[in-house]
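Everything below concerns the one structure shown next.
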Amino acid sequence: MSDNYLTVIPTDPYWQPGKDAADRAAVVLSGMLSDDDARRGLDAKWHDSVEVVHCCANLKRISCPRCGTELTPLWWGDAVSQCYDGGFSTLKVTVPCCDAETSLNELVYDWPMGFARFRIEILYPNRAWLTNGELASLAGALGHPVRQILIHI
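Using the UniProt record's numbering, you'd call the opening residue of the sequence shown number 1 and step up by one each time.
Here is the structure:
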């Protein structure tokens, strides 16, 4: 059996909202869901440190934001491990293709992924991607720009 999550995270991996802002965003997101089953699966989560928000089986490739070269899963895993070992105090990496300094959060993920200390997720959302307008509404309620990730486990 597989699980699907629609996850919304702040664009800044280190940013966290207050409870009131998270509650407002959860209400807005709940209104974007088509049925009560999806609404029951909605949950806001805070984390003490940055976590990888991985799209799991949906991931097709990871590329350099500067030159577009596809990065190997081995390189990415090593880069994440090094940042993890430092407590994710930084997400800065130097990509091997063009030696550009960037952030793990700024790599180009084909299916989107990210890093966050806060997330709102819906188990079995019974819908696809949020529209740009819906993302803008969520960002307004949360008080910070957001990105979305569809996770398939």
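C-beta atoms are modelled at their ideal positions from N, C-alpha and C, and glycine is treated no differently. Remember, it's a predicted structure, so these values are computed and weren't measured experimentally.
**Prompt:** The alpha helix (DSSP H) with Y84 in it runs from where to where?
**Reply:** P73 to D85
**Asked** For L29, does the count of other Cβ atoms within 10 angstroms reach 16, so buried, or fall short, so exposed?
**Response** buried
**Message:** Tell me whether the stretch 41-58 and the stretch 112-122 touch, counting them as touching only if at least three CB pairs, one residue from each stretch, are closer than 8 Å.
**Reply:** A contact exists between the stretch 41-58 and the stretch 112-122.
**Prompt:** Taking contact to mean at least 3 C-beta pairs separated by less than 8 Å, is the stretch 91-110 in contact with the stretch 64-76?
**Reply:** yes
**Request:** With distances taken Cα to Cα, identify the nearest neighbour of D48 among S2, E101 and Y14.
**Result:** Y14
**Item:** Whether D110 touches R61 by CB criterion (7 Å)
**Value:** yes
**Asked** Looking at the structure shown, is V108 part of a helix, part of a strand, or coil, going by DSSP?
**Response** strand
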